[in-house]
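Colleague: The structure under discussion is supplied below as structure tokens; questions concerning it will follow.
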Amino acid sequence: MAVAIVDYGMGNLHSVSKAVERLGYTSLVTADAAAILAADSVILPGVGAFGDAMEHLRESGMDVVVRAAAEAGQPVLGICLGMQLLFSSSEEHGEHKGLELLPGSVVRFAPRDGYKVPHMGWNKLSFLQPESPLLKGLTEGHVYFVHSYHALAAADSDLLAVTDYGHPVTAVVGRGNVYGMQFHPEKSGELGIQLLGNFLQLQAQQA
Amino acid sequence: MLAKRIIPCLDVKDGRVVKGVNFVNLRDAGDPVELAALYDREGADELVFLDISASVEGRATMIEVVRQTAGEIAIPFTVGGGISTPEDMKRILRAGADKIGINTAAVNNPQLILEGARHFGSQCIVLAMDAKYNEAWGEWEVYTHGGRKPTGIRALTWAKEAERLGAGEILLTSMDADGTKDGFDLKLTAAVCDLLSIPVIASGGAGRIEHFYDVFTEGKADAGLAATIFHYKEIAIHDLKADLKQRGVEIR
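Note that the protein sequences, when read in sequence, are chains A and B. Going by UniProt numbering, the first residue of the first sequence is number 1, and it counts up by one from there. Going by UniProt numbering, the first residue of the second sequence is number 1, and it counts up by one from there.
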């Protein structure tokens, strides 16, 4: 069972890769199209700015590869910025097109009293669709967020879990075989590892 | 609503934990990686490593500790000590740390905060500050070089400046409270928290569970950091969090 972690020069992939290995899977940090398309599942990580990330994805051809993996039915998981990239567009430093696997846009947190930006730290998940394969069997708890922009899913049916930061914030999304987590599951203690474990199990169910 | 964070701090020299570690259930109590993994299991929300190595070899060893720790734990961690250039920051972050702590180097060269934030994002840059009450001023003064050198800089002024330059967080150590176990410096902590809109980690003086409750309420801190009381198991993190939760503090 090999898990491809897409390496497109954005962020540190070591922690994600190790978390995957601790769960008993083989992880492959790669920018090789054939390896990604042959993997049992695909993780799109990401830290940094949306526009830079999309540019890196396009330059490396990884945008086409990730879309192809999603269309071929491989389980795909975007983490943090990687989740935001799954959406149609972002307004981070100008208007940018995303991978368009999920309808919706990414916007900056509006300033509010008592809510600092970035939204950084441990916040509690509320499961909207507890029967989703990603959330099944798990108990709502805290996970670790670091972000200044958040995704507005156009379809309520894509929203699996939210967290409260003055208003409901998109935390877990899913449509078919495409999933996303705004927080860092690899930095979110036991619950984070369980969430990652549920995602990695999808491949077994589909195989 | 963000949870208040409990953060153990590990002093590491030449790849070994040096200060007050007294664990019976570890194979090697001096191994920072093993200790970090234990704290993760016990419910710590984050960790801070302070590298007090003086040699180039010691610093190189720290990179390896960071790399191994990143592979072992599932909570964020900050690395501080001897970081004075964006290249230093890059090495530590590349090895898998989530945040960088800077102290003396930032006082000497405040642009380091700006550069770090620009390259890696504000969320990566933790300004560590050692402050001591100055009677003549009637407010707190910043000390550098591990608390040995007074700077003539007012702590509140420096905190505000660090935030303006792009620091994502302040790790605030009260030199007056540090080591006393009489509780965090609530006045200093609240003064800094009132002034800033970035999170503040309070450090120095924790001796009992109530001290954390006080610093999260009266002190308005976002996180509480301690070393010896956790290392010596005077307070078990699990008990501390259960107690705080019972008192209505938002805790993971």
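Cβ atoms here follow ideal geometry from the backbone N, Cα and C, with glycine treated the same way. Here the structure is a predicted model, which means the values were calculated and not measured.
Measure the alpha-carbon distance for A/Val65 versus B/Ala227 and round it to whole angstroms.
Modeller: About 47 angstroms.
Colleague: Determine the closest residue to B/Thr189 out of B/Glu218, B/Arg247, B/Val18 and B/Leu50, with distance taken between C-alpha atoms.
Modeller: The shortest CA-to-CA distance from B/Thr189 to any of B/Glu218, B/Arg247, B/Val18 and B/Leu50 is the one to B/Glu218.
Colleague: What span of residues does the alpha helix (DSSP H) with B/Val56 cover, start to end?
Modeller: Val56 to Glu72
Colleague: Strictly under 8 angstroms for the Cβ-Cβ distance: is B/Leu93 near chain A by that measure?
Modeller: yes
Colleague: For A/Gln84, which of A/Val107, A/Arg112, A/Ala68 and A/Leu13 has the nearest alpha-carbon?
Modeller: For A/Gln84, the nearest C-alpha among the options comes from A/Val107.
Colleague: In the DSSP assignment, what are the bridge partners of A/Val106?
Modeller: Looking at the DSSP output, A/Val106 sits in a beta bridge with A/Ser90 and A/Ala151.
Colleague: From B/Ala8 to B/Glu46, what does the alpha carbon distance come to, in whole angstroms?
Modeller: According to the sequence displayed, residue 8 of chain B carries Pro and not Ala. If you take the alpha carbons of B/Pro8 and B/Glu46, they lie about 7 angstroms apart.
Colleague: With DSSP run on the structure shown, which of helix, strand or coil describes B/Arg252?
Modeller: coil
Colleague: A/Val146 CB to nearest chain B CB: under 8 angstroms?
Modeller: yes
Colleague: Indicate the three-state DSSP secondary structure (helix, strand or coil) for A/Phe183 in the structure shown.
Modeller: coil
Colleague: Taking the alpha carbon of A/Pro111 as the point to measure from, which residue in A/His150, A/Val76 and A/Ala68 has its own alpha carbon closest?
Modeller: A/His150
Colleague: Please report the straight-line C-alpha distance between A/Ala207 and A/Ile43, rounded to a whole angstrom.
Modeller: Reliability of the predicted coordinates at A/Ala207 is poor, the pLDDT of 48 falling under 50, and the value obtained from them is presented with this limitation in mind. CA-CA distance, A/Ala207 to A/Ile43, rounds to 17 angstroms.
Colleague: According to DSSP, is A/Thr26 part of a helix, a strand, or is it coil?
Modeller: strand
Colleague: Are the C-beta of A/Ile43 and some C-beta of chain B separated by less than 8 angstroms?
Modeller: The beta carbon of A/Ile43 does not come within 8 angstroms of any beta carbon belonging to chain B, so the residue lies off that interface.
Colleague: Which residues share a DSSP beta bridge with A/Ser41?
Modeller: A/Val3
Colleague: Confirm, please, whether the CB-CB distance from B/Ser53 to B/Met62 is below 8 angstroms.
Modeller: yes
Colleague: When burial is assigned at 16 or more other CB atoms within 10 Å of the CB, is B/Met1 buried or exposed?
Modeller: exposed
Colleague: Determine which residues share a DSSP beta bridge with B/Leu171 and list them.
Modeller: B/Ala128 and B/Ile201
Colleague: How far does the beta strand (DSSP E) with B/Gln143 in it extend, from its first residue to its last?
Modeller: In the sequence on display, residue 143 of chain B carries Tyr and not Gln. Glu139 to Thr144 is the span of the beta strand (DSSP E), which, as asked, contains B/Tyr143.
Colleague: Taking a cut of 8 angstroms between CB atoms, which residues from the region 108 to 131 of chain B lie near chain A?
Modeller: Gly121, Ser122 and Gln123
Colleague: Should B/Ala162 and B/Ile170 be called a contact, given that it needs their Cβ atoms to be closer than 8 angstroms?
Modeller: Contact: yes.
Colleague: In chain order, what residues of the same chain lie with their CB nearer than 6 angstroms to the CB of B/Gly147, ignoring the 5 residues before and after it?
Modeller: Asp130 and Met175
Colleague: Just list the residues that DSSP pairs B/Asn108 with in beta bridges.
Modeller: Bridge partners of B/Asn108: none, in fact.
Colleague: Output yes if chain A places a C-beta closer than 8 angstroms to the C-beta of B/Gly96; else output no.
Modeller: yes
Colleague: Thinking just about the alpha-carbon of each residue, which of A/Asp158, A/Gly94, A/Ser41 and A/Gly121 is nearest to the one in A/Gly51?
Modeller: The option with the nearest alpha carbon to A/Gly51 is A/Gly94.
Colleague: List the residues that DSSP assigns as beta-bridge partners of A/Arg112.
Modeller: A/Tyr115
Colleague: Please state whether DSSP places B/Phe120 in a helix, a strand or coil.
Modeller: The answer is helix: DSSP assigns B/Phe120 an H, G or I state.
Colleague: May I have the straight-line CA-CA distance separating B/Tyr143 from A/Val20, to the nearest angstrom?
Modeller: 43 angstroms
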